[in-house]
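Novice:
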Amino acid sequence: MDPSVPRVPLLWMTVVTEGALLALAVGLGWWFGWRWWAAPASLPGALAGVATGAALAAGVIRLAQGSAPVFARLRADLRDVVRHMRVLNGTTDLLLISALAGLGEEALFRGLLHTALADQGAAVAVGVGAAAFGLFHPISVSYVLYTGAIGLVLGALAWGTGELLPAMLAHATFDAVALWWGVRSALAEAPEP
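Read the sequence shown against the numbering used here and you will find it ends at 281, with the numbers running on by one and no gaps.
Right, dumping it as structure tokens:
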């Protein structure tokens with residue numbers, strides 16, 4: 089990632105990208121009759137989403153603080169992402185980007201794909217959604233695998249609750265907590281490996 093991208097273009101890129109994913113999910117869902125937006129929502133599901141996102145963020149923070157050689161490339165990728173986000177103007181920008189990612193990406197990868205593949209069963213729907221989610225983040229092979237694993241958790245949450253809102257909230261919470269920690273931590277200042 090290019091850490092020289094200024095704040096406003098980064099925010100606009102996020103709005104356009106996540107908005108396009110949401111529009112694609114709505115458009116394809118409407119065209120094919122996959123009404124993923126009709127999924128129910130509940131307070132227990134929403135709370136499960138926030139708790140899952142916080143737990144995922146705690147895990148990635150622990151991983152980023154570690155020194156296991158097997159995760160060296162992933163830590164370097166996380167460092168690059170955090171450096172890229174340092175141009176943002178505080179918590180409001182981080183929350184905006186996190187909310188947009190939770191909405192746009194989950195609408196496509198969990199909402200649309202799960203609905204489209206529902207007849208194939210949980211393993212296929214969750215697996216395809218997770219694989220597509222990982223491939224949407226092509227920073228490196230390790231980062232694709234890392235985001236794919238997160239996609240499995242988000243997919244299992246959406247499928248298990250029968251709701252999309254928990255996955256959206258988990259994604260937004262994860263991004264908000266992990267990015268907030270990252271831009272304020274030594275991770276952003278760490279030397280290149």
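Where is the CB? At the ideal position from N, CA and C, for every residue including glycine.
Being a predicted model, the structure only gives us computed values, none of them experimental.
#1: Can you grab the Cα-Cα spacing for the pair GLU251 / ALA164, in whole Å?
#2: Considering ARG150, what are the terminal residues of the alpha helix (DSSP H) in which it resides?
#3: Using a Cβ-Cβ cutoff of less than 6 Å, which residues in the same chain neighbour ALA218 once the five nearest sequence positions on both sides are dropped?
#4: Can you have a look at PHE120 and say buried or exposed, based on whether 16 or more other CB atoms are within 10 angstroms of its CB?
#5: Can you tell me whether TRP122 is helix, strand or coil according to DSSP?
#6: On the DSSP letters alone, give me the boundaries of the alpha helix (DSSP H) that LEU223 sits inside.
#7: For SER130, is the classification buried or exposed, using 16 other Cβ atoms within 10 angstroms of its Cβ as the cut-off for buried?
#8: Quick check: what's the CA-CA separation for VAL158 versus LEU151?
#9: My output table needs one value for MET89: the three-state DSSP class, helix, strand or coil.
Specialist: Here's the rundown:
#1: Each residue's alpha carbon lies about 34 Å from the other.
#2: First-last of the alpha helix (DSSP H) with ARG150: 131-153.
#3: Contacts found: GLY236, GLY239, LEU240, GLY243.
#4: exposed
#5: coil
#6: 210-223
#7: Label assigned to SER130: exposed.
#8: Distance between the alpha carbons of VAL158 and LEU151: 11 Å.
#9: With a pLDDT of 46 at MET89, under the threshold of 50, the modelled position of this residue cannot be trusted; read the value that follows with caution. DSSP, reduced to helix, strand and coil, places MET89 outside both helices and strands of the structure shown, so it counts as coil.
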